[in-house]
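> Below are the structure tokens for one structure; questions will follow.
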Amino acid sequence: MFLIVVLWGVLSALTVFPSSLFPSPLDVVRGFLEEIQSGRLLDDIIASLFRVCTGFAIAAGAGVPLGLVLGHRARFRQALLPLVNFFRSLSPLAWIPFAILWFGIGDLPAIFLIFMASFFPIVLATTAAVASIPTIYFRVAEDYGLGGSQLLREVTLPAILPQVITALRVTAGLAWVVVVAAEMIAGRDGLGFAIWDARNGLRMDLLVVGMIVIGAIGVVVDRLLVRLMLLPSVRWGYER
Amino acid sequence: MNVSREDLTEPLRLASVSRSFDSLEVLRDMSLEVRRGEFVAIVGPSGCGKTTLLNLLSGFDRPTSGTVTRTGSTRMVYQQDGLFPWLTVRENIEMGLRHVQDNAERMRQLAEMFDLINLHGFAEHYPHQLSGGMRQRVELARALAGETDIMLLDEPFSALDYLTRLRMREELARLLETRPRTVVLVTHDIEEAAQLADRIIVLTERPACIRMELRLTVPRPRSPVQAEVVDAVQRILAELGLENETDDRLVRANIN
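Taken in sequence, the protein lines are chains Z and P. For the first sequence, counting from 1, position 165 maps to 165 in my numbering; every step adds exactly one. For the second sequence, counting from 1, position 163 maps to 1163 in my numbering; every step adds exactly one.
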């Protein structure tokens, strides 16, 4: 990390690229302080996080239950899985034109795009997790009188949880990538918009500030989700 | 009327049961009745259909022809990996005590089970943190905890070392003394069958049918070197055509 900053400083001092297109580390620190003082940076962070959290929560809230149904019911699985696979393979960015036409500019198109990016992978991962639960668990559950909602709460959900957590972690990363693209085109605030705005204003220092903040938040969110994998009741899914 | 009375006295009954998987005939015309409280051991060569027989008895599998009748609650103890990995050892065993309403009674029975399997320090461990033998002991404790009418054991001691195996047999015998249950034990271990069972059923090669039935009336627990146990082992080995082999072969047949 330190080496990269040094290399960056050397490159900008040598003016390999014109300084207007290649800001120095010092420029970026100044830009960072400027953005914090104006309060814009914090607003952008809040706007982006709000969109990701909302879109992702809706995708998980709808995707996990649908995955449970598809995992348990072979008939539904055969009917719907090709469709789910199709939409999963479709880049969520392809929805940008429709997102703007349907939802205008602001929170809604970004939330829609994040939903489209996260929903299908979550459905697929949950379906696969349910379908791969060893039947022995259900036989044991029957022996010990677990049925109905108890079976769901005490067997199915804990059995798929490790795989679902992994899927949520991967998908959250995807959602964070998508929000930047969505805001660049269909936003008037947010970190993606901040980058686009900096580019239009030829403020390369602010552009780099935006990039660093996006990357850093992505890492922090991932670290937080990794903590879920340390819960005692899911550790079995990651160890052998 | 008559039928239901008989069902009550015989918790498990197979009537000319056959089971085939596609063209593979696993069981052929097998009839077997297990009385209430009886301990039946089923021994036979590897792959002869012992587990299929257990699956039919538990109701997990259905016969191709014939009927299976089962009266009472049933629990099966699997060779391994039947524990819920997301629950601790204590929580897994408590599965078997779900219906025990009284808290103090549940704690007492839980402690009794931990005494049985001798895993006191491991209550809050998860199954993946235990060895295969320890997991088998936890499975056994879960099935023995609380009330159940019928227990189906699929080689429950196979992953244990010999000394632990001997101890578990003794404990199982003691526990059945205080809480009688109908037990069907599938095992490779002829000595184990002779130490525990009221009746030993020797199966033939696939398609399996009953080759020999042996009754033991000496009370449990029985020592592995007790005359009746040794005699039963010898008779089964003779039936399997191993009686003239050297001691070395006898030992190996036992381990198999």
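Backbone N, C-alpha and C fix where the C-beta goes; we use that ideal spot for every residue, glycine too.
Could you give the DSSP three-state label for Ser-1004(P): helix, strand or coil?
By 1-based counting over the second sequence, the position of residue 1004(P) is 4. Because the pLDDT of Ser-1004(P) is 44, which lies under 50, any placement of that residue in the model is unreliable, and the question is left without a value.
> Are the C-beta atoms of Ile-45(Z) and some chain P residue less than 8 Å apart?
Sequence index remark: in the first sequence, residue 45(Z) carries index 45 (1-based). Chain P, which has no Cβ nearer than 8 Å to the Cβ of Ile-45(Z), makes this no.
> Can you pull out the residues from the region 92-108 of chain Z whose beta carbon lies closer than 7 Å to at least one beta carbon of chain P?
none
> Does any residue of chain Z have a CB that is nearer than 8 Å to the CB of His-1125(P)?
Stepping through the second sequence from its first residue, residue 1125(P) is reached at position 125. For His-1125(P), the answer is no, since every Cβ of chain Z falls outside 8 Å of its Cβ.
> So, at 7 Å on beta carbons, what are the nonlocal neighbours of Gln-37(Z) in its own chain, with the 5 sequence-adjacent residues on each side left out?
Residue 37(Z) sits at position 37 when you count from the first residue of the first sequence. Excluding residues within five positions, none has a Cβ falling inside 7 Å.
> Taking DSSP as the reference, what is the three-state secondary structure of Val-234(Z)?
By one-based count along the first sequence, residue 234(Z) stands at place 234. The answer is coil: DSSP assigns Val-234(Z) none of H, G, I, E or B.
> Could one say the Cβ of Leu-1014(P) lies closer than 8 Å to chain Z's Cβ atoms, at least one of them?
Within the second sequence, numbered from 1, the residue matching residue 1014(P) stands at position 14. Taking Cβ atoms only, chain Z never reaches closer than 8 Å to Leu-1014(P), which makes this a no.
> Are the C-beta of Gly-149(Z) and some C-beta of chain P separated by less than 8 Å?
To locate residue 149(Z), count along the first sequence from 1; it is residue 149. The sequence as given places Ser at residue 149(Z); Gly does not occur at that position. Chain P contact via Cβ: absent.
> So with CB distances below 8 Å, who are the chain Z contacts of Gly-998(P)?
Examination of residue 998(P) is not possible in this model, given that chain P is present from 1001 through 1256 alone.
> Quick one: Cα of Arg-1142(P) to Cα of Ile-1201(P), how far?
Here the question's residue 1142(P) lines up with position 142 in the second sequence. Here the question's residue 1201(P) lines up with position 201 in the second sequence. Arg-1142(P) and Ile-1201(P): Cα-Cα distance of roughly 26 Å.
> Of all Cβ atoms in chain P, is any one closer than 8 Å to the Cβ of Arg-227(Z)?
Here residue 227(Z) is taken as the residue at index 227 of the first sequence, counted from 1. No, Arg-227(Z) lies away from the interface with chain P (no Cβ there is under 8 Å from its Cβ).
> In the DSSP assignment, what are the bridge partners of Thr-127(Z)?
Position 127 of the first sequence, counted from the start, is the residue given in the question as residue 127(Z). DSSP output for Thr-127(Z) lists no bridge partner at all.
> Who are Arg-1199(P)'s beta bridge partners in DSSP?
Indexing the second sequence from 1 puts residue 1199(P) at position 199. According to DSSP, which records beta bridges pairwise, Arg-1199(P) is partnered with Val-1040(P) and Arg-1215(P).
> If I measure Cβ to Cβ from Val-1218(P) and keep anything under 6 Å in the same chain, skipping five residues before and after, which residues do I get?
In the second sequence, residue 1218(P) corresponds to position 218, counting from 1. Excluding positions up to five away in sequence, the list reads Glu-1228.
> What residues from the region 1049-1075 of chain P come within 7 Å of chain Z, judged by C-beta to C-beta, listed N to C?
Phe-1060, Thr-1074 and Arg-1075
> I'd like the list of long-range same chain contacts for Leu-1160(P), defined as Cβ closer than 8 Å, with 5 residues on each side in sequence excluded.
Working through the second sequence from its first residue, we reach residue 1160(P) at position 160. Around Leu-1160(P): Gly-1133, Gln-1136, Arg-1137 and Met-1168.
> Under 8 Å: do the region 24-39 of chain Z and the region 200-214 of chain Z share three or more Cβ pairs, one atom per stretch?
Touching, per the Cβ criterion.
> Could you tell me the alpha carbon to alpha carbon distance between Leu-49(Z) and Gly-215(Z), rounded to whole angstroms?
The sequence position of residue 49(Z) within the first sequence is 49, counting from 1. The sequence position of residue 215(Z) within the first sequence is 215, counting from 1. If I take the Cα positions, the gap works out to 13 Å.
> Pull the bridge partners of Leu-1208(P) from the DSSP assignment, please.
What you label residue 1208(P) is simply residue 208 of the second sequence in a count that begins at 1. A quick correction: the sequence has Ala, not Leu, at residue 1208(P). Partner(s): Leu-1027(P).
> If we define contact as Cβ-Cβ less than 8 Å, is Met-1113(P) a contact residue for chain Z?
Taking the second sequence and counting its residues from 1, one reaches residue 1113(P) at position 113. By this cut-off, Met-1113(P) is not an interface position.
> Anything in the region 1132-1146 of chain P with a Cβ closer than 7 Å to a Cβ of chain Z? List those residues in chain order, please.
none
> Say whether chain Z places a C-beta atom closer than 8 Å to the C-beta of Pro-1085(P).
Position 85 of the second sequence, counting from 1, holds the residue named residue 1085(P). So yes, Pro-1085(P) belongs to the interface.
> Please report whether the beta-carbon of Val-130(Z) lies at a distance below 8 Å from any beta-carbon of chain P.
Here the question's residue 130(Z) lines up with position 130 in the first sequence. Taking CB atoms only, Val-130(Z) has no neighbour in chain P less than 8 Å away.
> Measure the C-alpha to C-alpha separation of Glu-1094(P) and Leu-1110(P) and round it to an integer number of angstroms.
One-based indexing of the second sequence puts residue 1094(P) at position 94. One-based indexing of the second sequence puts residue 1110(P) at position 110. So the alpha carbons of these two residues sit roughly 7 Å apart.
> Excluding sequence positions up to five away, which residues of its chain have a Cβ less than 6 Å from the Cβ of Gly-9(Z)?
As a position in the first sequence, residue 9(Z) is number 9, starting the count at 1. Excluding sequence neighbours, Gly-9(Z) sits near Pro-25.
> Under the three-state reduction of DSSP, which class applies to Gly-1066(P): helix, strand or coil?
As a working note, residue 1066(P) is residue 66 in the second sequence. Judged by DSSP in its simplified three-state form, Gly-1066(P) adopts strand.
> What residue range does the alpha helix (DSSP H) around Ser-48(Z) cover?
Here residue 48(Z) refers to the residue found at position 48 of the first sequence. First-last of the alpha helix (DSSP H) with Ser-48(Z): 40-72.
> Taking contact to mean 3 or more Cβ pairs, one atom from each stretch, closer than 8 Å, check whether the region 1037-1054 of chain P and the region 1182-1191 of chain P are in contact.
yes
> Hey, is Arg-153(Z)'s beta-carbon within less than 8 Å of any beta-carbon in chain P?
Locating residue 153(Z) in the first sequence gives position 153, where the first residue counts as 1. Taking Cβ atoms only, chain P never reaches closer than 8 Å to Arg-153(Z), which makes this a no.
> When burial is assigned at 16 or more other CB atoms within 10 Å of the CB, is Arg-1013(P) buried or exposed?
By one-based count along the second sequence, residue 1013(P) stands at place 13. By the neighbour-count rule (16 or more Cβ atoms within 10 Å), Arg-1013(P) is buried.
> Looking only at its own chain, which residues have a Cβ that is under 8 Å from the Cβ of Glu-1033(P), when we skip the five neighbours before and after it?
Taking the second sequence and counting its residues from 1, the one referred to as residue 1033(P) is at position 33. Setting aside the 5 residues that flank it on each side, Glu-1033(P) is surrounded in the same chain by Glu-1010, Leu-1012, Arg-1013 and Leu-1014, each with a C-beta closer than 8 Å to its C-beta; the list follows chain order.
> Does Thr-135(Z) pass the burial test, meaning 16 or more other C-beta atoms within 10 Å, or should it be called exposed?
Along the first sequence, read from residue 1 onward, the residue named residue 135(Z) stands at position 135. When all chains shown are included, Thr-135(Z) counts as exposed.
> Enumerate in chain order the residues of its own chain whose CB-to-CB distance from Phe-87(Z) is below 6 Å, with the five nearest sequence positions on each side excluded.
As a working note, residue 87(Z) is residue 87 in the first sequence. Here the set comprises Phe-120.
> If you measure beta-carbon to beta-carbon, which residues of the region 1092-1110 of chain P are closer than 8 Å to chain Z?
Within the region 1092-1110 of chain P, the qualifying residues are Met-1095, Gly-1096, Arg-1098 and His-1099.
> Run through DSSP, which three-state label would Thr-1088(P) get?
Along the second sequence, read from residue 1 onward, the residue named residue 1088(P) stands at position 88. Thr-1088(P): coil per DSSP, three-state reduction.
> Can you check which of these residues, Thr-1088(P), Gly-1146(P) and Glu-1147(P), is closest to His-1120(P) by C-alpha distance?
For this step, residue 1120(P) is matched to residue 120 along the second sequence. It is Thr-1088(P) whose Cα lies nearest to the Cα of His-1120(P).
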